[in-house]
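Step one of this worksheet: look at the structure below.
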Amino acid sequence: MFAEVIVDIKSSNTDRVYTYKIPEGMKLEVGMRVSVPFKNRFIEGYVISITEQTSYPVDKIKDIHKILDNYSVFDEKMIELAKWMKDYYKCYFSEALQTIMPVGIKRGEKKVKIVRINISEIPDELCKRAPKQYEVLHYLQKRSPIRLSELVKILNIDYAIIKSLQKKGYIKVYEEEIHRYSVKDIERSQPLVLKEEQEKAVTEVKKSMEKDVFEKYLLFGVTGSGKTEVYLQLIDECIKSGKSAIVLVPEISLTPQTIERFVSRFGNKVAVIHSGLSPGERFDEWRKVKNGVVDVVVGVRNAVFAPFKNLGLIIIDEEHETTYKQSDMRPKYNAKEVAEKRCELENAVLVMASATPSLETYYKATKGEYKLLRLTKRINVSMPHIEVVNMSDELARGNTSIFSRKLFSYIKENLQKKEQTILFLNRRGYSSFVSCRDCGYVPKCPNCDISLTYHFEDKRLVCHYCGYQEAMRDTCPKCGSKRIRYLGIGTERVENDIKKFFPKARVLRMDVDTTKKKGSHEKIFYDFRSGKADILIGTQMISKGFDIPNVTLVGVILADITLNLPDFRSSERTFQLLTQVAGRAGRGEKPGRVVIQTYEEDHYSIIASKYQNYVRFYNEEIKYREIFRYPPFSHLMNIVISGEEEEEVKNIAANVYLMCQKIVNKLQNKSYNKILGPAPAPIRKINNRYRWQVILKSEDRNVLVDIAEKVQTMKYPKNIRISVDIDPLNIM
DNA sequence: AGCACGCCGACT
DNA sequence: GTCGGCGTGCTC
Ligand SMILES: [Zn+2]
Ligand SMILES: [Zn+2]
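Sequential numbering of the first sequence, starting at 1, is according to full-length UniProt numbering.
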């Protein structure tokens, strides 16, 4: 008997199946982790199938060394899922499998090679005789011990150098283990009586679950329409029919309150996977699922891989959230797509829910790919009163402060009434844009229609998608005004101005600076909630999460910042943000007021937010997407080239561009394909590495996948790194 | 010749 | 990703 094994090596030429012999008496199962001989060492591998025969010459086949766990990690469907992931996201098979695997499973077994210097003085003759070896020793005098792989990368050397130093006894190389750093009783709740719309949604989804068929739903429910109760009753139905359910929740809203709602209904049948778990704790939760101890998993992105044997339902709360996309690590997967695939493989039902669905999702719902369920009525929540203030008017009337007269007077009133205020300001971010203070005009790229980024160094306006450039203007092309310049405000400025105008107000600030420490985010919320401050100033983070009943005023200092992010989704982000921010005002019994300050009061995102009308926003935005062929009318792919020498990076980026062009030109089908760039990435330098990017736009996702394959297997100079993201949600 | 070092291909 | 083998080129 033979086992087909995927080995744990991240390289394109080992990304295939290797055949091993199963020794007599070894009780090997499909999906087990094993240790196998590979060249002259032992490495980890994953058994993806067991066969009677093999086409590979039997005399060359080695035996499996040993089984690593006493159970199978992946069932057949999970292996199928990994196969799909590696093809869909163009990653190695081993990476897909490791993404599905719980991190804690490896415990202390993983080893790394460590290099330690063994002499105090570097022999003089080495300097001339073997300069590279001298360099290594010189470096080790400053930093030793160090990981071998790190040393090789930093000094850009070959392993042969280490080998000869080791032979001479100047250094020692040894293996070391990687150490991992190392629910209470809640009163049970009863199902609530559903309102008509909720009842209808539950009945509809229930029908599909009973039929055991793969079905996809979009639950489009306004803020406060009781989506969670719908989830709870669907899960209840699912469990009753002997199946299990997964609920994906954005990290930020996985609060004690949220967890309590699930635990109070389903008790110890619920496992919670949040990002604060240590690898060991994660592994424990994973085991609970595997052993059938729980029926429900509530968790963040990677909870989509919860290894239920009989999955019936996946719910994705706040479906439009970008946290469902893993953008920092390979594979760059989106849990929404993975969930869809998993449901297909398991004949389960997928329910995606949002008050502000992503354009792609709503588009698919209009095309009938997702069945649309609506919750239009708010339960026990009144809609806040939303007002938009045109900041150009304020300037025209001589008000140069960052607060409009309206917002200023509302803040004053709120302070007198002892009611709380939230002032929202988008993070100034890594890029800045230019706008006309008189008419709101913002220079955009003629090719891509995204806002141009202002570069302070050379005073030029640059498009981060395609590299288009123009000189900074001194007059507005729309109205002729000379007041066209960089626009941006930081949270410090808002805090200072509040202190200046309202010296007695107690202010809390919540931004990247004040929330660096773990738990500080929660502490600020707790302090504010318990009334320790009158005004909370914050960025993105305050738009979701905790309910604060006493907040009756929300001020958006400058909606333009979000509106002009260099991203084709900036309008969508703005609408989502403003809707969420509006939901923060008046959640208690007191009615809320929202003031949105902007220079672009006629923008459809702003108008639709004012009337809290998603469909109105959607109808405008979808037109723009179609004209400029952005998703859902195409797929994007972002290729980032990084390295220490900017010139080199730029040249490689140009090569990558040419290669993409060659592939596109050779295509037989006449699909729409466009290659943009190369352009400097919005974040031009990270960790001393310069970054350039090439962006591709294609109607046919397979074209992008093919190019991703070629780009990733191409040879590059050492120190040049390539990162490919298909369907990116953030282009940085 | 003898060593240093970069490059290439194979690993079941 | 990691290893050994091999070719080149420099020094003794
Ligand atoms: Zn103007
Ligand atoms: Zn452009």
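All residues carry an ideal CB built from backbone N, CA and C; glycine is no exception.
Item	Value
Going by alpha carbons, who is nearest to Leu311 out of Met78, Gln668, Lys670 and Lys623?	Met78
Out of Thr562, Lys482, Met209 and Val434, point me to the one whose CA is closest to Ile596's CA.	Thr562
Regarding Cys660 and ligand 2, is the C-beta to nearest heavy atom distance less than 8 Å?	no
Please write down, chain order preserved, every residue whose beta carbon lies under 5 Å from a heavy atom of ligand 1.	Cys436, Asp438, Cys439, Tyr441, Cys476, Lys478, Cys479 and Ser481
Provide the residue(s) that pair with Ala3 in DSSP beta bridges, ordered along the chain.	Tyr20 and Ile50
Nearest to Glu176 by CA position, among Val193, Glu197, Leu148 and Lys200, is which residue?	Leu148
Tell me the rounded alpha-carbon separation between Tyr181 and Asn496.	The predicted model places Tyr181 with a pLDDT of 39, which falls under 50 and marks its position as unreliable; any figure quoted below should be read in that light. The alpha-carbon atoms of Tyr181 and Asn496 are separated by roughly 40 Å.
Measure the C-alpha to C-alpha separation of Val249 and Ile273 and round it to an integer number of angstroms.	10 Å
By Cβ distance, which residues of its chain are closer than 8 Å to His385, with the 5 residues on each side in sequence left out?	Pro591, Gly592, Arg593 and Val594
From this set, Asp393, Phe93 and Ile652, which residue's C-alpha is nearest Cys439's C-alpha?	Asp393
What residue does the alpha helix (DSSP H) around Pro256 start on, and which one ends it?	Pro256 to Phe266
Where does Lys167 sit, in a helix, a strand or coil, going by DSSP?	helix
With a cut-off of 8 Å on the beta carbons, I'd call Glu237 and Met209 a contact; round off their distance for me.	6 Å
The beta strand (DSSP E) that contains Asp725, what's its start and end?	Arg721 to Ile726
Among the candidates Asp317, Met101 and Gly490, whose CA atom is the shortest distance from the CA of Leu254?	Asp317
For Leu425 versus Val494, is the C-beta distance shorter than 9 Å?	yes
Whose C-beta lies closer than 6 Å to the C-beta of Lys325 among residues of the same chain, with five residues either side of it excluded?	Asn334 and Leu729
So does the stretch 91–109 actually touch the stretch 121–135, counting three or more Cβ pairs closer than 8 Å?	no
Would you tell me roughly how many angstroms separate the C-alpha atoms of Pro566 and Phe220, rounded to the nearest one?	28 Å
How would you label Ala582, buried or exposed, when you count the other beta carbons within 10 angstroms and need 16 or more for buried?	buried
Can you tell which of Gly169, Ile627 and Thr574 has its C-alpha closest to the C-alpha of residue 733?	Look at the range of the chain in this structure, 1 to 732, and you will see that residue 733 is not part of it.
If contact is defined by three or more beta carbon pairs under 8 Å, each pair taking one atom from either stretch, is the stretch 632–641 in contact with the stretch 692–702?	yes
To the nearest angstrom, how far is the alpha carbon of Thr54 from that of Leu97?	23 Å
Hey, quick one: how far does the alpha helix (DSSP H) through Gly280 stretch, first residue to last?	Pro279 to Lys290
Using beta-carbon positions only, say whether Ile548 and Arg584 come within less than 9 Å of one another.	yes
Taking just the CA atoms, how far does Pro331 sit from Ala348?	24 Å
Can you find the residues in the same chain that come closer than 6 Å, C-beta to C-beta, to Leu407, ignoring five residues on each side of it along the sequence?	Gly555 and Val595
For residue 811, which three-state DSSP category applies?	A query on residue 811 cannot be resolved here, the shown segment of the chain reaching from 1 to 732 and no further.
Just tell me which of Trp84, Ala3, Phe93 and Asn399 has its CA closest to the CA of Thr14.	Phe93
Mind reading off the beta-carbon distance from Lys650 to Trp692? Whole number of angstroms is fine, and I expect it under 8 Å.	6 Å
Let me check understanding here. Comparing Cα to Cα, which of Glu344, Tyr362, Arg342 and Leu313 lies closest to Val351?	Leu313
Check each candidate in Ala355, Asn665, Arg485 and Ala3 and name the one with the smallest Cα separation from Thr475.	Arg485
CB-CB under 8 Å to Arg282, same chain, minus the five flanking residues each way: which ones, in chain order?	Pro102, Val103, Gly104 and Ile273
From which residue to which residue does the alpha helix (DSSP H) around Asn651 run?	Glu646 to Lys666
Taking 8 Å as the cut-off, does the stretch 605–619 touch the stretch 666–674 (at least 3 CB pairs, one atom from each stretch)?	no
Within 10 Å of its beta-carbon, does Arg397 have 16 or more other beta-carbons around it, so buried, or fewer, so exposed?	exposed
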